Structures are given as structure tokens and as C-alpha cells.
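Input: a single structure, listed below in C-alpha cells.
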Amino acid sequence: MSLPSPDTGGALWSVSENGQAITFGNPEGPVLLTLSCRLTADPPQLAIIRHAPAHPGEKALFPVIGNGMRSRFPVDATLEDGEWRWEEVMPATDPMLDVFGGPRKLTATLPGGGMLEIAGSPVPGEFLEWCRAGGDVAEALADEAEEATDAAPAR
0 MSLPSPDTGG ALWSVSENGQ AITFGNPEGP VLLTLSCRLT ADPPQLAIIR
50 HAPAHPGEKA LFPVIGNGMR SRFPVDATLE DGEWRWEEVM PATDPMLDVF
100 GGPRKLTATL PGGGMLEIAG SPVPGEFLEW CRAGGDVAEA LADEAEEATD
150 AAPAR
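According to numbering that gives the first Met the number 0, the sequence shown is numbered sequentially starting from 0.
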């Protein structure tokens, strides 16, 4: 049974209480997508969690398109906090995660789980850089400053 694509017209990114995850969803509605940084891993890992019904043993490809990239994440049905959901955990440095790195709109489709249309936002990219820096804000800001300098036109 396929689920319809959720209405994401008013959805936005929010930072979790512990600051180690961001969630995407409509205010007062269920969370649709979570990016969670696991800082205790070495190197840090990023979990991509699509909150949609899943069953034990199921696997799927979860394509995310945006920011000039296409990434296909192999997700597994995972039981966490009493919820069967889709999840992939990978090193935060994996280049496939760069799809979240820019400010442009994203689409994320789970076969049978509908398509998420995610409005452009700098939040996922900032969170990804923070996670890659091991939660060190100063290092993430320095990396951004260096990128800006490198991108500046030569005179």
C-alpha cells in the first residue's frame, strides 16, 4: 500500500532539544525526516531517518535530489522508540551527504512512502558542517570562512 505524499507547504527544519539532530515537518504535525549527528562515533556519523511506516527486514533506496546532486541512500527498516521507520547511518564525511549541503530545495522519495518536497534552507547544510566538525562550532565557522575566501574572485 502506497502512502500519499505529505503536504509540506508549511513544513520547516527545527533543531532538537539536545542540538544533535534537526527534524523536518509541519508545525504541530508529525516529524517527516530527521538528520541526527552521532558525535560519539569516530569519525562522527550522520543518521538519515525517514519517518514512514516500515516492516521488519525491509530495505529500500531513498533518493534525495537537490543542490545539483542526486544521492540514493540505502535505508533499512529500524525499530527505535517503538516506531518502525527507515534509517541509514553513515560517516558524516560521506560525499553523498553533500546533497544536504546547499541552500536549494530538495525532493526525497521513499518508494511507497510518498515524496517530500523540502523548501530551500541553509539549516541542513549548516548542520552537516557542524556534524562533520565533530560538533565544534568554531571549526565549522572557520571552514565556512575559508570556503568564502576561496570562492572570492581574484583581483
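We put the CB at the ideal spot given by N, CA and C, even for glycine. Owing to the predicted nature of the structure, the values given are computational and were not obtained by experimental measurement.
What's the gap between the Cα of Arg37 and the Cα of Pro3? 31 Å
Whether or not the region 50-58 and the region 69-86 are in contact is what I'm after, with contact meaning three or more pairs of Cβ atoms, one per stretch, closer than 8 Å; do they touch? yes
Locate the alpha helix (DSSP H) running through Arg131, then write down its first and last residues. 122-131
Across which residues does DSSP place Lys58 in a beta bridge pair? Asp75
So what's Leu38 in DSSP terms, helix, strand or just coil? Leu38 falls in the coil class under three-state DSSP.
Given Asp6, which residues of its chain have a CB within under 8 Å of its CB, disregarding the five upstream and five downstream residues? So the qualifying residues of the chain are Asn25.
Can you have a look at His54 and say buried or exposed, based on whether 16 or more other CB atoms are within 10 angstroms of its CB? exposed
Any contact between the region 14-25 and the region 77-94? By contact I mean 3 or more CB pairs, one from each, below 8 Å. The region 14-25 vs the region 77-94: no contact.
Please go through the same chain and pick out, in chain order, the residues whose beta-carbon is closer than 7 Å to the beta-carbon of Val122, but skip the five residues on each side of it. Trp12, Ile21
Neighbourhood of Ala118 by C-beta, 7 Å cutoff - its chain only, sequence neighbours within 5 removed: Lys104
Give the DSSP-derived three-state secondary structure of Arg154 in the structure shown. With a pLDDT of 48 at Arg154, under the threshold of 50, the predicted position of this residue should be treated as unreliable, though the coordinate-derived value follows. Three-state DSSP puts Arg154 in coil, outside helix and strand.
Answer with buried or exposed for Ala91, where buried requires no fewer than 16 other C-beta atoms within 10 angstroms of its C-beta. buried
What residue does the beta strand (DSSP E) around Met95 start on, and which one ends it? Taken as a continuous stretch (DSSP letters only), Met95 belongs to no beta strand (DSSP E), as it is neither H nor E.
Indicate the three-state DSSP secondary structure (helix, strand or coil) for Ala139 in the structure shown. Confidence at Ala139 is low in this model, with a pLDDT of 46, below 50, so the placement of that residue should be treated as unreliable; the coordinate-derived value is given next. Reduced to three states, the DSSP call for Ala139 is helix.
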